[in-house]
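Numbering-wise (full-length UniProt numbering), the sequence shown opens with residue 1 and increments by one. Every residue gets a Cβ at the ideal spot worked out from N, C-alpha and C, and that includes glycine. Here the structure is a predicted model, which means the values were calculated and not measured. Down below is the structure, laid out as structure tokens.
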Amino acid sequence: MSLEIYRTEEEPDRNISLVKPSSLKMVLNTPPQKKKLKSKPLPKLPVPPLKQSLNKYLRSLKPIISTEQYERTRAIVHEFGRDGGNGELLQQKLLEYVEKTTNWSYDWWLNDMYLKIRLPLPIHVNPGMVFPKQHFSDEGQRLRFAAKLISGILDYKVIIDAKALPVDRARHNKPGQPMCMEQYYRLFSSYRVPGLVKDELVSPTSSVMPEPEHIIVVCNNQFFVLDVIINFKRLSDQDLVSQLKRIVDSSTEETDPSIGFLTAMSRTDWARARMKLMESMYSNVYVGKAVISRYNSIEIQSAQG
């Protein structure tokens, strides 16, 4: 791993570090701490009546299966939902479970709809959005745009850390009902560890840390750790542009294997590859923590990309 220390002209005594992990030796050998979420004064997620759930299940199946399949399924559902049947027993077990949890469906939903999905994360799982197309006249303009984007993310993170976001409220069912805000507080610094059967979602205990806070910059398939907060002071847009320019220049000087591409494989394949990397590469605690506790990641493509 190469470590370069840069100083700006405006602040000659201020260290701004740029770390390039050689061959991506950040194979995440540092287990992060899970974030303990505080309970919110919101009503518990209700459990629909058994008959309602079974009727909705049949209505959902009818358009997509044959008449013969539907009749056979309806008979099975009728037996399941009869008085004293397995349906009533399981419904009662669910109601008992509800009393012990804030949201009875959260873990099942998170595991079955996300963490157990084995498809690659890009496109299939990760949400995304497209900004309006930008036309840059030169490299400097492109990097200034990237710096402003980073600053905007940091501004939003400050609001999140201060718990200053306005509470979301329902608009249709029960208008005005406050909604849970915990997902906002997991927007940054969360990390999804690949697993053979199920991934693990982990977050640092707090985003307020004594060491510099940083982002990951990907450029020409090379990964860089860029400090954006040093001694609780943020880099200016000018500092960010300067550091991004150094990253762009450095990315073409010494290219390492594009191990980052492995993260776009199926989750099981990536988990196996990650274990092999951890066996074959030396442990780097700082870089491992850097990837896990990052603010965000940003990619800078080549002008031809």
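* To do: Can you tell me which of the three DSSP states Arg192 falls into?
  => strand
* Asked: Do the region 92-99 and the region 231-249 meet, that is, are 3 or more Cβ pairs less than 8 Å apart?
  -> no
* Asked: Does DSSP put Gln243 in a helix, in a strand, or in coil?
  -> helix
* To do: Identify the continuous beta strand (DSSP E) that holds Leu277 and give its terminal residues.
  => Premise fails: Leu277 lies in the alpha helix (DSSP H), Arg267 to Ser280, not in any beta strand (DSSP E).
* Three-state secondary structure (DSSP) of Glu96 -> helix
* For Phe136, is the beta carbon positioned less than 8 Å from some heavy atom of the ligand ZN? -> Among the components of this structure there are no ligands whatsoever, and the ligand ZN is therefore not found.
* **7 Å CB neighbourhood of Asn111 in its chain, flanking five on each side removed** => Lys198
* Beta-carbon proximity of Trp108 to Leu45, cut-off 9 Å -> no
* Asked: Is the region 168-185 touching the region 134-153 in the sense that three or more CB pairs, one from each, lie closer than 8 Å?
  -> no
* Cβ-Cβ distance between Ala264 and Pro120 below 9 Å -> yes
* Sequence-distant residues of the same chain with beta carbon closer than 6 Å to Pro127, five excluded per side -> none
* What are the boundary residues of the alpha helix (DSSP H) that Ile153 is part of? -> Glu139 to Asp161
* Asked: Between which two residues does the alpha helix (DSSP H) carrying Phe80 extend?
  -> Thr67 to Gly81
* Roughly how many angstroms lie between the CA atoms of Glu142 and His135, to the nearest whole one? -> With the sequence shown as reference, residue 142 is identified as Arg, and Glu is not the correct amino acid for it. Straight-line Cα distance between these residues: approximately 9 Å.
* **Which listed residue (Gln183, Lys163 and Arg267) has its alpha carbon closest to that of Tyr106** => Gln183
* Cβ distance (whole Å) where Thr268 is taken to contact Arg118 below 8 Å -> 5 Å
* What whole-angstrom Cβ distance do Val202 and Tyr191 have, given they're in contact under 8 Å? -> 6 Å
* Could you check which residue in Ser258, Leu50, Lys62 and Pro43 has the C-alpha nearest to that of Leu89? => Leu50
* Asked: Where DSSP assigns a beta bridge to Lys233, which residues make up the other side?
  -> Ile230
* To do: Have a look at Val217, Ile153, Asp256 and Val77 and flag the residue whose alpha-carbon is nearest the alpha-carbon of Ile298.
  => Val217
* Asked: What did DSSP end up calling Pro178 once you bin it into helix, strand or coil?
  -> strand
* Between Gln243 and Leu95, what straight-line distance do the alpha-carbon atoms span, to the nearest angstrom? -> 55 Å
* Just the Cα atoms here: how many angstroms apart are Ile153 and Gln92? -> 45 Å
* How would you write the range of the beta strand (DSSP E) that Leu201 sits in, first residue to last? -> Glu200 to Val202
* Asked: With a Cβ-Cβ cutoff of 9 Å, do residue 306 and Ser251 count as a contact?
  -> The structure shown does not extend to residue 306, since the chain spans only 1 to 305, so no value can be given for it.
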